[in-house]
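J.: Note that the protein sequences, when read in sequence, are chains A and B.
Read left to right, the first sequence gives residues 1 to 282 (the numbering used here).
Read left to right, the second sequence gives residues 1 to 274 (the numbering used here).
The C-beta atom is built at its ideal place from N, Cα and C for all residues, glycine as well.
These numbers come from a predicted model, not from an experiment.
Just passing along the structure, written as C-alpha cells.
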Amino acid sequence: MTNEVRSPVAFAPRIGMPIRFFKQLRRSLVHAAYPVGSFLVLVGLWQLVVRATGTAAYVVPAPSDVYTSAREHWHFLLQHSWPTLWEILIGFGLAAAIGVPLAILIVAWRGFERGFYPLVVGFQGIPKVALAPMMIVWLGFGLISKVVLASLIAFFPIVIDTVSGLRSIDAGYVTLARSMGATRRRLYWRVLIPNALPQVFSGFKIAMSFAVVGAIVAELLGANEGLGYLLNVASGELDMAFSFAIVVWLGVMNVVLIGIIGLAERLIVPWSHHSRATQSGS
Amino acid sequence: MRTVDTSPGVTGTPKGERLIDAIGVSKEFKRANVLALESATLHIDTGEFVALLGPSGCGKSTLLHLLGGLTQSSSGSIFYRGARVNAPLGAVGIAFQDAYLLEWRNVRENVLLQMDMRGIRGRARRGFGEQADRLLDEVGLGGFGDKHVWELSGGMKQRVALCRSLIHDPELLLLDEPFGALDMLTRDQLNVDLSKLTHDRNKTALLVTHSISEAVFLSNRVLVMGPRPGRIVAEVDVDLPMPRELAMRNSKEFTDRVNEVYAIFEKVGVLRDV
C-alpha cells in the first residue's frame, strides 16, 4: 500500500465487463457516424459541383482527383511525414516540459507571477508565426528552426491553461489542507496539481494543433524536407490535387495526435470524464 | 426560565479540562471594511459539545476558523491548552459544508488524505488504512472504501468527510455546518450518527449551524450569536443525556431549550412578526 504509485495513473479504471465495453464501443461508433456522415455529404457535394461546373483540376480539384493524386504519390507523403512528425512531437514535448513547471512556478511564487506572468500574457499577443523568417535566419533550414517555432507557439496555451487549472481550486480545499498541517509541497502534489490535470490536458490539445501549425509554417518558409516543403513544391508546380492531398493528410495527422492526447487523458484523468458524465447524466 | 428535568442519569455540562479560551476576539476584514466578529469570549472544555448558533453572516464560521488557527484575529487572543493560537492547530479535525473530497481518490484514500497531508507513511499509514475501513463501517459506509467519489450521494460524501476529520483521533472536532447542504431527513440521521460517534470517542466538538433544533439536539451548550457585527448574545445549556436519540426531540427539555433560543432570537431582532 505504501509503495503504491501515487500518480493519478494508479487510479485508472479497471477494464469493466465485456458487455459494458461493447455497449460503449457501439455508442461511440454511433456518435462517430454523425460527423463522418456529414463529412461524406460535403465531399459528395464538392465532387458534384466541381464536375457539374467543369472546373479545371489545376484550379479546384475534385475529391476524386485528390484521392488519385494521394494514391499516386503516397511514398512522398510518407517520406516527408517523418521529419514533420518529429518537429511537431519534439516541439510539443519541449513546450510541455518547460510550460508546465513554469506554470507551477508562476502560481506557487508570487514574485514570479508579478514579474513574469504579465510578460507571458503579453507575449502571447504576438503572432508567433511572424517570427518564422527570423527563426530560419537564426537557426537554419534544418530541424531546429521548426522545433523552436512549433514549441514557441505550443508553449502559451500550455502555460495559460495550467495556470488557470492550478488556480481553479476551491479555496476550501486549501483551508482543509492547512488544517491538516500540509506543507506547500504536499498541497501542490496531492491537491492542486491533480486538480489542474483536466485543464492541463485541454491545453495540451490546443498546443498540439499549434505545434502542427508552427512546424508547417516554418517548413513553408524554408526547408528541404517535410510536408510543408512538399506543399511548397506541389503548389509551385500548380499541382492542386496533390497540394490538397497534403493538406488533408496534415489534417488526419492532427486528428490522430489530438486523439492520442485524448486517450492519455482518459487513462490519467479518468475522474474528469466521470464527473462530467454524472453532471450531464441526470 | 430554566425548568430542568433532572431525572437520574441525566448529566449536566461535563466537567473537563479547559481546551480553548477565547478572550475578546474580533475579526475585521479590512479590504471589505466589514467587522465580521466583535469581541467574542468563550471557552470549551474537554468532552463538551458546543454549538455556535446564529443567522447567516453573523461571523460564526469566522469564529470557528479563528479557533482552529486558520485565520488570525484582528484583536483579542485565543489559547489552546494555555498556548496562544497563531497557526493551524494540529490536534484538530475539520469538516465543512462542502465535503471537499478529491475525485481522483477512492473513498478510503480520501479518508487517508489526512495522513498524507500530515506526512504519515509506511506501516503507520497502513494501520490507518484499516482504521479508515472501521470508521467507514461505523458511519454506515462499510464496503464503500473502494468506491469512487462520483458514485456517492451528498449524505455519503459528508459521512466520508466526517471519517476524514476523525481518522487521526483529533482532540477537537470543528464542524462548520457540515450538514447544511443536505435534505432534512439525511440531516436528521447524520445528527443522530454524529452524536453517537462523538460520544463513543469522547470527542470535544464545536459545531457551527444556523439550525436551532440541530444545535439543541447535538450540544451540551449553545452559544447564540446575534446579527452582524457578530457577537455572542446568550448561552443556553442543554441537559439531555449523550448520545442524543431521536425520541429526545419530544422531551420537555428539548422543546424548552428550542423555545428559549427562539425567544432570544426574537429579543435581539433576528426573528420578528410582521
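Give the C-beta separation of B/Pro227 and B/Cys58 to the nearest angstrom, bearing in mind that I take them to be a contact with Cβ-Cβ under 8 Å.
T.: About 6 Å separates the two Cβ atoms, so the contact holds.
J.: From B/Ala44 to B/Leu185, what distance separates their C-alpha atoms?
T.: A small fix is needed here, since residue 44 of chain B is Ile in this sequence, not Ala. Taking the straight line from one Cα to the other gives about 30 Å.
J.: Could you check whether the Cβ of A/Tyr188 sits closer than 8 Å to any Cβ belonging to chain B?
T.: Closer than 8 Å: no.
J.: Starting from B/Arg118, find everything on chain A with Cβ-Cβ shorter than 7 Å and list it in chain order.
T.: The contacting residues are Met180, Gly181.
J.: Taking the DSSP output, what are the residues bridged to B/His43?
T.: For B/His43, which the question treats as bridged, DSSP gives the partners B/Asp21.
J.: Looking at B/Ala51: is its Cβ nearer than 8 Å to the Cβ of B/Leu223?
T.: Yes, these two residues count as a Cβ contact at 8 Å.
J.: Put B/Gly142 into one of helix, strand or coil per three-state DSSP.
T.: If DSSP states are grouped into helix, strand and coil, B/Gly142 belongs with coil.
J.: Short check: CB of B/Gly230 to CB of B/Ala36, under 8 Å?
T.: Yes, Cβ-Cβ distance for B/Gly230 and B/Ala36 is below 8 Å.
J.: In whole angstroms, give me the CA-to-CA distance for A/Tyr229 and A/Met240.
T.: Taking the straight line joining both Cα atoms gives about 15 Å.
J.: Suppose you measure from the CA of A/Leu257 to the CA of A/Thr53; what does that come to, to the nearest Å?
T.: Going from the Cα of A/Leu257 to the Cα of A/Thr53 covers about 37 Å.
J.: Taking Cβ to Cβ, would you say B/Val139 is nearer than 8 Å to B/Arg108?
T.: In this structure, B/Arg108 does not lie closer than 8 Å to B/Val139 by Cβ.
J.: Any C-beta of chain C sitting closer than 8 Å to the C-beta of A/Ala177?
T.: Of the chains in the structure shown, none is chain C; the protein chains are A and B.
J.: Do A/Glu113 and A/Phe201 count as a contact pair if the criterion is CB distance below 8 Å?
T.: Result no, Cβ atoms of A/Phe201 and A/Glu113 do not sit closer than 8 Å.
J.: Run through the DSSP bridge pairs and tell me what B/Glu235 is partnered with.
T.: Answer is B/Leu223.
J.: Is the separation between the beta-carbon of A/Leu227 and that of A/Ile136 shorter than 8 Å?
T.: The answer is no: Cβ separation not under 8 Å.
J.: In this structure, how does DSSP classify B/Phe29 when only helix, strand and coil are distinguished?
T.: Of the three classes helix, strand and coil, the one that applies to B/Phe29 here is strand, per DSSP.
J.: Under three-state DSSP, which class holds A/Tyr58?
T.: Reduced to three states, the DSSP call for A/Tyr58 is coil.
J.: Assuming B/Pro88 contacts B/Leu70 under a Cβ cut-off of 8 Å, what Cβ separation, rounded to an integer in Å, is found between them?
T.: Going by Cβ atoms, the distance from B/Pro88 to B/Leu70 rounds to 6 Å, so yes, they are a contact pair.
J.: Among B/Asp200, B/Lys157, B/Val192, whose alpha-carbon lies nearest the alpha-carbon of B/Ala181?
T.: Comparing Cα-Cα distances from B/Ala181 to each of B/Asp200, B/Lys157, B/Val192, the minimum goes to B/Lys157.
J.: Does chain B have any CB closer than 8 Å to the CB of A/Val100?
T.: Closer than 8 Å: no.
J.: Assign A/Trp249 to one of two classes, buried (16 or more other C-beta atoms within 10 Å of its C-beta) or exposed (fewer than that).
T.: Buried, by the Cβ-count rule.
J.: Which residue comes first and which comes last in the beta strand (DSSP E) that contains B/Asp200?
T.: It is not in any beta strand (DSSP E) - B/Asp200 instead sits in the alpha helix (DSSP H) that spans 184–200.
J.: Using DSSP's beta-bridge definition, name the partner residues of B/Gly93.
T.: Paired residue(s): B/Leu173.
J.: Can you pull the chain A residues whose beta carbon is under 7 Å from the beta carbon of B/Val92, in chain order?
T.: Those within 7 Å of B/Val92 in chain A are Ser179.
J.: Could you tell me the distance, in whole angstroms, from the CA atom of B/Asn220 to the CA atom of B/Met242?
T.: Cα to Cα, the separation comes out at about 9 Å.
J.: For A/Asp170, count neighbouring C-beta atoms within 10 Å of its own C-beta (all shown protein chains included) and say buried if the count is 16 or more, exposed if not.
T.: Per the 10 Å Cβ criterion, exposed.
J.: What residues match up with B/Ser75 in a beta bridge as DSSP calls it?
T.: In the DSSP output, where bridge partners are listed per residue, B/Ser75 has B/Ser26.
J.: Comparing alpha-carbon positions, which option in B/Glu130, B/Leu112, B/Glu17 lies nearest B/Gly82?
T.: For the residues B/Glu130, B/Leu112, B/Glu17, the minimum Cα distance to B/Gly82 belongs to B/Glu17.
J.: I want to verify the contact list: residues of chain B whose CB lies under 9 Å from the CB of A/Gly262, in sequence order.
T.: Those within 9 Å of A/Gly262 in chain B number zero; the least Cβ separation is about 18 Å.
J.: Using the rule of at least 16 other Cβ atoms within 10 Å of the residue's Cβ for burial, across every protein chain shown, is A/Trp138 buried or exposed?
T.: A/Trp138 comes out exposed.
J.: Contact defined as beta carbons within less than 8 Å: I believe B/Met225 pairs with B/Leu53. What is the distance between those atoms, to the nearest angstrom?
T.: Yes, they are in contact, since the Cβ atoms of B/Met225 and B/Leu53 sit about 7 Å apart, within 8 Å.
J.: State yes or no: is the beta carbon of B/Asp98 nearer than 8 Å to at least one beta carbon in chain A?
T.: Yes - at least one Cβ of chain A is within 8 Å of the one on B/Asp98.
J.: For B/Thr6, which three-state DSSP category applies?
T.: In this prediction, B/Thr6 has a pLDDT of 38, which is less than 50 and means its spatial position is unreliable; nothing more can be read from the coordinates.
J.: For the beta strand (DSSP E) holding B/Phe49, just list the boundary residues, first then last.
T.: First-last of the beta strand (DSSP E) with B/Phe49: 49–53.
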